[in-house]
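Participant: Right, I'll just put the structure down here and ask away after.
Number of protein chains: 2
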Amino acid sequence: MTEADFIAALRHIADTPAARGLADDCAVLDIGNETLVLTHDSLAEGVHYLLGHDMADVAWKLVASNLSDLAAKGAKPVGVLLGFMLGDNDTRFIEGLTEILAAYDVPLLGGDTISAPGSPRVFGLTALGTATHSPPPSRSGAQPGDAIWITGPVGGAMMGLEALRAGAGSGAGIDSTAYRRPIPLLAEGQALAPVVTAMMDISDGLLLDASRIGTASGVTMAIESKAVPIAAPEDRRADALRWGDDYQLLFTMPAELTPPVSAVRIGTVERDHGDGPLLIDGRVPAADRPLGYRHQHLAPRHDAPQG
Amino acid sequence: MTEADFIAALRHIADTPAARGLADDCAVLDIGNETLVLTHDSLAEGVHYLLGHDMADVAWKLVASNLSDLAAKGAKPVGVLLGFMLGDNDTRFIEGLTEILAAYDVPLLGGDTISAPGSPRVFGLTALGTATHSPPPSRSGAQPGDAIWITGPVGGAMMGLEALRAGAGSGAGIDSTAYRRPIPLLAEGQALAPVVTAMMDISDGLLLDASRIGTASGVTMAIESKAVPIAAPEDRRADALRWGDDYQLLFTMPAELTPPVSAVRIGTVERDHGDGPLLIDGRVPAADRPLGYRHQHLAPRHDAPQG
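Top to bottom, those sequences are chains A and B. UniProt numbering applies: residue 1 is where the first sequence begins, and numbers increase by one. UniProt numbering applies: residue 1 is where the second sequence begins, and numbers increase by one.
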């Protein structure tokens, strides 16, 4: 069974509206007089992080990637549950976990630790938040005529990972912080939630994630590649648009509005005239190059960008 | 870092009252006008289930063990999030998942699938419920003079596992259903929540779990071993009292009350006169034999009772 088959089968089970067809960053559930926002993401050794990577960074990224999903819904975090597999350098994991939970004032509510021999180690996190605006934004609300915006540059995580791979520490010119310690844009997401028509966080690459909004909304996302801010050399622009792990927010908004947070306009939502969910500089993207990174089978000891 | 060290470090982080000191079956969180009950448990191949075991049973048990934690709080399930690692026999996993979610009318809200090479496979589940009685029962409310009750026999899962190990299918005399398809006692938990002083589900063995209530409540749980109903031959009574995976509810209640569900009285809560959290037939349990099963490092291809 491929991952696509498996998710299709899950989608068949997840027929409650709260699951949003498993096609959004989070589940959204009305409980009493509140709207809960829930997400669960995992990290696996050798797939989502380099073997031998500082476990404090792994803890940070595990929490940050989930909080970023809450940010995309404009949710305020209320807590996390951790699924942990014991192994090497657990003290560093605890240190990184303590740091990020303190940084965003998010309580650890519970979880589970297991001892299992073998590899890879896998860590899961469930993050729970409450919506600050109801209904929380989805991927499916982009309207023809809307402007497309991004909160900041992409490509920084790519450069950071390459610095790490090259063995360059923070003292060697290129800083790896953007890869190691991504920032979940919680305040930005909360400010944007009332005004956007669609929003998501960019975890798998700008172009792939933009095409997902296009598909979910039944529109064409027309992106001007030169308008996209990048944190990489100009000759790496095409890579930066496809690389994941930056956790910027991508959103659409009526063209006459100005975003309440710092953001850069990178395109326009168009009616789908048969071109599909994405145009780059007016063209349908070439089929011979992936738009971003999906979950992949990878041999251990090889890292892959966020899947 | 041992598991005990790791959990002690987590406890230091989890200082919100909702986490209940990581010493309860669930986190309990007031959200708006509702009380949420949250739990996360994992299953690992070779540790929590036999390698080669029917993946439909694995899915069933993953969900059942989490719903059982909700049952112990008298919660009504509102949904689950799945952390899934792709591998062999995923179709059977989907079938088992579909079965149990339909059986208890629980929606799948979301989750995450990953592809990672290697073993063991690990599956995580977060279950979310709403309290039907507030505050939900904890482990810490048992009072001297209370009666100790159990909802049904222990030892059935032990016999089922042994039947499976012996290669005996359901046609060979001993049925393995109790091990393969445990029943979360949701209706019983909801009926009991308003009247119990303490409650938990027995996942790690009656004696170990009873001692946990004793410790959390600062009392001595005095159990009459002969009174405990067992689903095993009489000469296996001592094992049945220590084996996990039966998911009966263990609870304490003022002695003058009668439980609203079918249950058997197995002892009395006593003031702790220095004997510690547990007495069996009036004696402190011998230190040379474990009271139940804890998380353990185990070689793959060896199954262990629920840790």
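Even glycine gets a Cβ: it sits at the ideal position worked out from N, Cα and C.
Quick one: measure Cβ to Cβ for Pro-260 of chain A and Ala-18 of chain B, integer angstroms, because I've assumed they're closer than 8 Å.
Facilitator: Not really, about 31 Å apart at Cβ, beyond 8 Å.
Participant: Only counting the same chain, and skipping five residues up and downstream in sequence, which positions put a Cβ closer than 6 Å to that of Leu-128 of chain B?
Facilitator: The answer, listed in chain order, is Leu-38, Val-78, Gly-79.
Participant: Considering only their Cβ atoms, is the gap separating Asp-204 of chain B from Ala-71 of chain B smaller than 8 Å?
Facilitator: no
Participant: Return the CA-CA distance between Ala-103 of chain B and Glu-162 of chain B, expressed in angstroms with no decimal places.
Facilitator: If you take the alpha carbons of Ala-103 of chain B and Glu-162 of chain B, they lie about 26 Å apart.
Participant: Using the beta-carbon of each residue, which ones in chain B are nearer than 7 Å to Ala-19 of chain A?
Facilitator: Correct list: Pro-107, Leu-108, Leu-109, Gly-110.
Participant: Mind reading off the beta-carbon distance from Trp-60 of chain A to Ile-100 of chain A? Whole number of angstroms is fine, and I expect it under 8 Å.
Facilitator: 5 Å
Participant: Can you list the alpha helix (DSSP H) stretches of 4 or more residues lying completely in the stretch 150-211 of chain B, in chain order?
Facilitator: For the stretch 150-211 of chain B, whole alpha helix (DSSP H) runs of length 4 or above, ordered along the chain, are 156-165, 177-180, 186-192.
Participant: Per DSSP, which residues does Lys-76 of chain A bridge with? Please list them.
Facilitator: Under DSSP, the beta-bridge partners assigned to Lys-76 of chain A are A:Thr-130.
Participant: Compute the beta-carbon to beta-carbon distance between Pro-277 of chain B and Ser-211 of chain B, rounded to the nearest angstrom, for a pair I have assumed lies under 8 Å.
Facilitator: 4 Å
Participant: For Glu-95 of chain A, report the span of its alpha helix (DSSP H) as first-last.
Facilitator: Per DSSP, Glu-95 of chain A is one residue of the alpha helix (DSSP H) stretching across 90-103.
Participant: Does Glu-224 of chain B come out as helix, strand or coil in the three-state DSSP assignment?
Facilitator: coil
Participant: With 8 Å as the threshold, decide whether the Cβ of Ala-157 of chain A is near any Cβ in chain B.
Facilitator: no
Participant: With which residues is Phe-251 of chain B paired in a DSSP beta bridge?
Facilitator: According to DSSP, which records beta bridges pairwise, Phe-251 of chain B is partnered with B:Trp-149, B:Met-199.
Participant: How far does the alpha helix (DSSP H) with Arg-271 of chain B in it reach, from first residue to last?
Facilitator: Unbroken run through Arg-271 of chain B is the beta strand (DSSP E), 264-271; no alpha helix (DSSP H).
Participant: Could you name the residues of chain B that Ile-94 of chain A contacts, counting a contact when the two beta carbons are closer than 9 Å?
Facilitator: Met-1, Phe-6, Ala-9, Leu-10, His-12, Ile-13
Participant: Less than 8 Å between CB atoms is the rule here; does Leu-51 of chain B satisfy it with respect to chain A?
Facilitator: no
Participant: Looking at the C-beta of Leu-81 of chain B, does it have a partner C-beta in chain A at a distance below 8 Å?
Facilitator: yes
Participant: Spell out the partners DSSP gives Phe-123 of chain A in its beta bridges.
Facilitator: A:Leu-43
Participant: Would you please state the rounded distance, in angstroms, between the beta carbons of Ala-142 of chain B and Ala-75 of chain B? I believe it to be under 8 Å.
Facilitator: That pair is no contact at about 20 Å.
Participant: Considering just the uninterrupted stretch of the beta strand (DSSP E) at Ile-280 of chain B, what are its terminal residues?
Facilitator: Per DSSP, Ile-280 of chain B belongs to the beta strand (DSSP E) from 278-280.
Participant: Hey, does Pro-290 of chain A have any beta-carbon neighbour from chain B nearer than 8 Å?
Facilitator: no
Participant: Alpha carbon to alpha carbon, how far is Leu-109 of chain B from Ile-183 of chain A?
Facilitator: 26 Å
Participant: For Thr-215 of chain A, which residues in chain B fall below 9 Å Cβ to Cβ?
Facilitator: What Thr-215 of chain A touches in chain B: nothing, since even the nearest Cβ is about 18 Å away.
Participant: Could one say the Cβ of Thr-39 of chain B lies closer than 8 Å to chain A's Cβ atoms, at least one of them?
Facilitator: Under the Cβ distance rule, Thr-39 of chain B counts among the residues neighbouring chain A, one pair being separated by less than 8 Å.
Participant: Could you name the residues of the stretch 25-39 of chain A whose beta carbon sits closer than 8 Å to any beta carbon of chain B, in the order they occur along the chain?
Facilitator: Within the stretch 25-39 of chain A, those residues whose Cβ lies closer than 8 Å to any Cβ of chain B are, in chain order, Cys-26, Ala-27, Leu-29, Ile-31, Gly-32, Asn-33, Glu-34, Leu-36, Leu-38, Thr-39.
Participant: What residues in its chain sit with their C-beta under 8 Å from that of Pro-254 of chain B, if we drop five residues either side in the sequence?
Facilitator: Gln-143, Gly-145, Asp-146, Ala-147, Thr-197
Participant: Who are the near neighbours of Asp-24 of chain B in its chain, counting only those whose CB is closer than 6 Å to its CB and skipping five residues on each side?
Facilitator: Ser-138, Arg-139
Participant: Tell me whether Glu-34 of chain A sits in a helix, a strand or coil according to DSSP, three-state version.
Facilitator: strand
Participant: Closer than 9 Å by beta-carbon distance: list the chain E residues that pair up with Gly-46 of chain B, in chain order.
Facilitator: The structure shown contains no chain E; its protein chains are A and B.
Participant: Using the C-alpha atoms, what's the distance from Ser-115 of chain A back to Tyr-179 of chain A?
Facilitator: Rounded to the nearest angstrom, the two C-alpha atoms are 28 Å apart.
Participant: Tell me Leu-29 of chain B's beta-bridge partners as DSSP assigns them.
Facilitator: B:Leu-36
Participant: Mark Arg-283 of chain B as exposed unless 16 or more other C-beta atoms lie within 10 angstroms of its C-beta, in which case mark it buried.
Facilitator: exposed
Participant: Please name the residue or residues paired with Phe-84 of chain B in a DSSP beta bridge.
Facilitator: B:Thr-113
Participant: Answer with yes or no whether the minimum CB distance from Thr-132 of chain B to chain A is below 8 Å.
Facilitator: no
Participant: Classify Ala-193 of chain A: buried if its beta carbon has 16 or more other beta carbons within 10 angstroms, exposed otherwise.
Facilitator: buried
Participant: Would you say Val-122 of chain A faces chain B, with C-beta separation under 8 Å as the test?
Facilitator: yes
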